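Reviewing the structure listed below.
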Amino acid sequence: VSENTARRLKMTLCRLDNDPGDGCKVGGIDVERGLPRDGIVSSANVITSVKRKMEVISADILRLMERFPPHIREIAMTEGIIVTGGSARIPGMQVYLSERLGCPVSVSPLYELSTVTGLKTIMTHRELTHWAVPAGKPLD
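Per this note's numbering, the very first residue in the sequence shown carries number 1; after that it's consecutive.
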């Protein structure tokens, strides 16, 4: 399926807070044969795929939090973190992440704009530019 179809399926079929639903019929062009093709994508398959990605993201967040100064880590663990992006809207995502991270998780009300707004802030404030790292360069 295309990226757009995958995004729609994720937002339509993925629920991390209860049992999966049935599924959804999708159609498109078979990339190997170039012919029209349709099929059913099960909700369980979408949820499994999303959970796999969320396990990687959770592990990355935990590794990042280990690098926080102790007083900042303590604040994050008690007051929580804020997640952004379209996937943050998946039903049950906050609880799912909170259970894996061991801290409260909330969704930014500006979930779709937060990353761009943050990047703009970093780029336009001289005292924050040290946070800007060129692509491909590892963080210190």
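All residues carry an ideal CB built from backbone N, CA and C; glycine is no exception. Fair warning: this is a prediction, and the values are worked out from it, not measured in the lab.
Residue(s) in a DSSP beta bridge with residue i
{"i": "Asp38", "result": "Gly27"}
{"i": "Val107", "result": "Val83"}
Sequence-distant residues of the same chain with beta carbon closer than 8 Å to residue i, five excluded per side
{"i": "Val83", "result": "Met93, Gln94, Leu97, Val105, Ser106, Val107, Ser108 and Tyr111"}
{"i": "Leu9", "result": "Val1, Cys24, Val26, Val41 and Val46"}
{"i": "Pro36", "result": "Gly27, Gly28, Ile29 and Asp30"}
{"i": "Asp38", "result": "Lys25, Val26, Gly27 and Gly28"}
Identity of the residue in the options nearest residue i by Cα
{"i": "Leu101", "options": "Lys120, Arg89 and Glu66", "result": "Glu66"}
{"i": "Ile61", "options": "Ile81, Glu127, Asn45 and Leu128", "result": "Ile81"}
{"i": "Ser43", "options": "Asp22, Leu119, Arg89 and Met123", "result": "Asp22"}
{"i": "Glu99", "options": "Glu55, Arg7 and Thr117", "result": "Glu55"}
{"i": "Glu79", "options": "Ala132, Cys103, Leu64 and Lys53", "result": "Cys103"}
{"i": "Val88", "options": "Leu64, Ile57 and Ile72", "result": "Per the sequence shown, residue 88 should be read as Ala rather than Val. Of Leu64, Ile57 and Ile72, the residue nearest in Cα terms is Ile57."}
CB-CB length for residue i against residue j, believed under 8 Å
{"i": "Thr12", "j": "Gly28", "result": "Contact flag wrong, Cβ pair sits at about 16 Å."}
{"i": "Leu16", "j": "Pro70", "result": "About 31 Å separates the two Cβ atoms, so there is no contact after all."}
{"i": "Ala76", "j": "Phe68", "result": "6 Å"}
{"i": "Thr124", "j": "Gly85", "result": "Contact flag wrong, Cβ pair sits at about 22 Å."}
{"i": "Leu128", "j": "Thr121", "result": "7 Å"}
6 Å CB neighbourhood of residue i in its chain, flanking five on each side removed
{"i": "Cys14", "result": "Val46, Ile47, Val50 and Ile90"}
Open item on the list: So within the stretch 50-105, which uninterrupted beta strand (DSSP E) runs reach at least 3 residues, ignoring any that extend past its ends?
Closed with: 81-83
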